[in-house]
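A.B. asks: Just dropping this structure here.
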Amino acid sequence: MKKFYIETFGCQMNVHDSEKVIGTLVSQGYQQVETPEDAELVLYNTCSIRDKAEQKVFSRLQQFKREQGKGKVFAVLGCVAQQEGGKIFERAPHVSLVCGSASYNKLGDLLVQIERGDKRVTGLSLDTDETFETPMTRRDNPHRAYITIIEGCDKACAYCVVPMTRGPERSRTSESVLEEARRLADAGYTEVQLLGQNVNSYRDSSDRGWDFARLLRAVAGVPGLRRVRFTTSHPRDFVRDIIEAIDDHEVLCNHVHLPVQSGSSSVLDRMQRLYTRDQYMRRIEWMKAARRPIAISTDIIVGFPGESEADFEATLALLEEVEYDSVFSFKYSKRPNTPALALEDHIPEEEKSRRLTVLQDVQRAIQLRRNSALVGSTDEAMAEGFNNATGQWIGRTSQNRTLNFTHALHTAPGNGDNLIGRYLPVRVTRAGANSLAGEAVLSAN
Ligand code: SAM
Ligand code: SF4
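Structure, rendered in structure tokens:
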């Protein structure tokens, strides 16, 4: 039995790609092990969205250089693999396989070449209209599963490597997505998360020609599913039908992640985001007018080249206006071969850090305010784990809030007492900026 170890960096797409890669390896007779020391094949599924993420993989490879002589094979997969290609062999000569995500369909063949003893094997073609589908996907979470619906990206945001590292947009057929959702529900999964760089650019590749809202409604109808999440949505392609689908189907989680990146239309224009602040705000208004309360989260980049103090203030004002439930914020990071490199007025690192801190402080106060307003209310939480240190079950609401709770009868997992995977009504008793705490409501009978 050949043993492999895999470490994954980056987004949920990468996490799910790794699940599929693991399935492919296991189907070829490999066995997964917990440490690189125990493995004959060491794989790093990499992220290059920001410079820091990219550096991580090279430091890992450096760490294991000394293993070179011990018969281990090293593989670099994912975005850094696609971005750096054959240059990785020069920088880390002990690497034998470099493969981008658009070539994972060929992974089985590439592994055969490695087993034959080939020392420099690459899968770097971006010229594909295929998605990576495998029935062998290995999933570790028994309740929540990812389903890829669309891969790649056809947008061209000035700061972003994704169109270059993940290739052009390719959607799966609706039937294959539905078939996977049904299979997961039959296997006991109650929550699925539909994944893509821009899920709402989805366009069924079969004759049905469904758009994203139509697909959402169909997945919501799969018997056995209790929660359907989706991420990420691009504001430009965000249509009202999506909100109507959420209003019509309780199963669709009332949470939308809609990255804005900046609150200034001139920055958005230079970022090539394809919408203005006003157009973005119109989508927010649609969501706020929905029948169900929809939680909204976003991504923000501070310190994009040329971002003035006034532009930054416009982003802070947008945060106050939207009142997001959560925000992922990043300092702009220069990425190879992206148009933003050529822009003038790059912002000094210290100034980017200052803006990030200011923004995060503003957002923390907003979240604390919003979460505090929920004290006293009751919401349904799915128990995802148990925290031994606090004695609380770790729960999540449909709106994607963390709601940790105690249960008068089930005080810890074990002895048939395990709540993990169950959905329970929880009364909120305390609020922090990033999570809520509460008590499970016991039913009268
Ligand atoms: N497709 C999604 C969208 O358009 O909103 C985002 C996908 S990207 C993997 C996730 C986030 O990383 C982006 O929303 C952006 O905020 C951030 N990001 C991408 N490139 C970046 C860069 N060069 N520097 C800093 N943050 C970046
Ligand atoms: Fe990157 Fe823009 Fe595509 Fe999102 S839409 S993946 S930010 S290029």
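Mapping the sequence shown onto my numbering, position 227 (from 1) lands on 229, and the numbers just tick up by one.
Positions of the beta carbon are idealized from the N, C-alpha and C atoms, including for glycine.
1. Give me the DSSP bridge partner(s) of Lys5.
2. Going by alpha carbons, who is nearest to Gly423 out of Pro341, Val329 and Arg228?
3. Nearer than 7 Å: is that true of the beta carbon of Ala104 relative to any heavy atom of the ligand SF4?
4. Is the distance from the Cβ of Ile24 to the Cβ of Gln34 below 8 Å?
5. Please state whether DSSP places Ala147 in a helix, a strand or coil.
6. Taking the alpha carbon of Ala410 as the reference point, which residue from Val428, Asp40 and Ala147 has its own alpha carbon closest?
7. Less than 8 Å between the CB atoms is what I'm expecting for Phe76 and Val44, so what's the real figure, rounded?
8. Count Cβ pairs between the segment 220 to 235 and the segment 38 to 53 that sit closer than 8 Å; are there 3 or more?
9. Comparing C-alpha positions only, which one of Gly154, Asn436, Ala342 and Glu352 sits nearest to Leu376?
10. Determine, using beta carbons only, whether Pro261 and Thr317 come nearer to each other than 8 Å.
11. Less than 7 Å between C-beta atoms, sequence neighbours within five positions excluded: which residues of the same chain meet that for Cys155?
12. CA-CA distance, Cys162 and Thr408?
13. Where does Phe330 land, buried or exposed, given buried means 16+ other C-beta within 10 angstroms?
14. Can you list, in chain order, the residues of its chain whose CB lies under 7 Å from that of Ala55, leaving out five sequence neighbours each side?
15. Mind checking Thr192: buried by the 16 CB within 10 Å criterion, or exposed?
16. For Leu321 and chain B, any beta-carbon pair shorter than 8 Å?
17. Does Leu260 come out as helix, strand or coil in the three-state DSSP assignment?
18. Consider the C-beta atom of Asn200 and the heavy atoms of the ligand SAM; say whether any pair is separated by less than 7 Å.
19. Once the 5 residues before and after Ile244 are set aside, which same chain residues still bring their CB inside 8 Å of it?
20. Quick check: what's the CA-CA separation for Phe306 versus Asp53?
21. Hey, Gly88 and Val100 are a contact pair by Cβ (cut 8 Å); roughly how many whole angstroms apart?
22. Tell me whether Ile302 sits in a helix, a strand or coil according to DSSP, three-state version.
23. Answer yes if the segment 134 to 153 comes into contact with the segment 170 to 187, meaning at least three C-beta pairs across the two stretches below 8 Å, and no otherwise.
24. Go through its chain and collect everything with a Cβ distance to Phe388's Cβ below 6 Å, but skip five positions before and after it.
25. Determine the contact status of Gly102 and Gly80, defining contact as a CB-CB distance below 8 Å.
26. Nearest to Leu186 by CA position, among Val230, Val360 and Ala367, is which residue?
27. Considering just the uninterrupted stretch of the beta strand (DSSP E) at Pro427, what are its terminal residues?
28. Only counting the same chain, and skipping five residues up and downstream in sequence, which positions put a Cβ closer than 7 Å to that of Met289?
29. So what does Asn389 bridge to, in DSSP terms?
30. According to DSSP, Asp381 sits in a beta bridge with which residue or residues?
31. Taking 8 Å as the cut-off, decide whether the C-beta atoms of Phe66 and Pro38 are in contact.
32. Run the CB neighbour count on Ala312, radius 10 Å, all protein chains shown included, and call it buried at 16 or more, exposed below.
33. Any heavy atom of the ligand SF4 inside 7 Å of the beta-carbon of Lys157?
34. Less than 8 Å between the C-beta atoms of Leu276 and Phe232, yes or no?
35. Hey, out of Lys72, Cys159 and Ala183, whose CA is closest to Arg146's CA?
C.D. replies: Let's see:
1. Gln33, per the DSSP bridge assignment.
2. Of the candidates Pro341, Val329 and Arg228, the one whose C-alpha sits nearest the C-alpha of Gly423 is Arg228.
3. No, Cβ of Ala104 sits at least 7 Å from all heavy atoms of the ligand SF4.
4. In this structure, the beta-carbon distance from Ile24 to Gln34 falls below 8 Å.
5. In this structure, Ala147 counts as strand in the three-state DSSP scheme.
6. The alpha carbon of Ala410 has as its nearest neighbour, out of Val428, Asp40 and Ala147, the alpha carbon of Val428.
7. Indeed, because the Cβ distance is near 5 Å, the residues count as touching under 8 Å.
8. No, the segment 220 to 235 does not touch the segment 38 to 53.
9. If we check each option's Cα against that of Leu376, Asn436 comes out closest.
10. It is not a contact, given that the beta carbons lie outside the stated cut-off.
11. Cβ within range, chain order: Val164, Pro165, Arg168, Glu171, Gln199 and Asn200.
12. When rounded, the distance between both Cα atoms is 43 Å.
13. Burial call: exposed.
14. Here the set comprises Phe11, Gly12 and Cys49.
15. By the neighbour-count definition (other C-beta atoms within 10 Å, threshold 16), Thr192 is a buried residue.
16. Although the question refers to chain B, the structure presented lacks it and comprises just one protein chain.
17. Coil, per DSSP.
18. Yes - the ligand SAM has a heavy atom lying nearer than 7 Å to the Cβ of Asn200.
19. Excluding sequence positions up to five before and after Ile244, its CB lies within less than 8 Å of the CB of Asn202, Phe214, Ala215, Leu218, Ser235 and Val258, all in the same chain and listed in chain order.
20. A direct Cα-to-Cα measurement between Phe306 and Asp53 gives close to 15 Å.
21. Confirmed, about 7 Å.
22. It is a strand residue.
23. Contact holds: three or more Cβ-Cβ distances are below 8 Å.
24. Exclusion of the five residues before and after Phe388 leaves Trp395 and Pro415 as the residues of its chain whose Cβ lies within less than 6 Å of its Cβ.
25. One thing to note: Gly102 has its Cβ within 8 Å of the Cβ of Gly80.
26. Nearest option by C-alpha distance: Val230.
27. Per DSSP, the continuous beta strand (DSSP E) segment holding Pro427 begins and ends at Tyr425 to Ala433.
28. Counting only Cβ-Cβ distances below 7 Å, and skipping sequence neighbours, we find Ile245, Val258, Ile296 and Ile298.
29. According to DSSP, residue pairing for Asn389 in a beta bridge involves Gln394.
30. According to DSSP, residue pairing for Asp381 in a beta bridge involves Val428.
31. It is a contact, given that the beta carbons lie within the stated cut-off.
32. Result: exposed.
33. Set against 7 Å, the gap from the CB of Lys157 to the closest heavy atom of the ligand SF4 is smaller.
34. Taking 8 Å as the cut-off, the Cβ atoms of Leu276 and Phe232 do not count as close.
35. Closest by C-alpha distance to Arg146, out of Lys72, Cys159 and Ala183, is Ala183.
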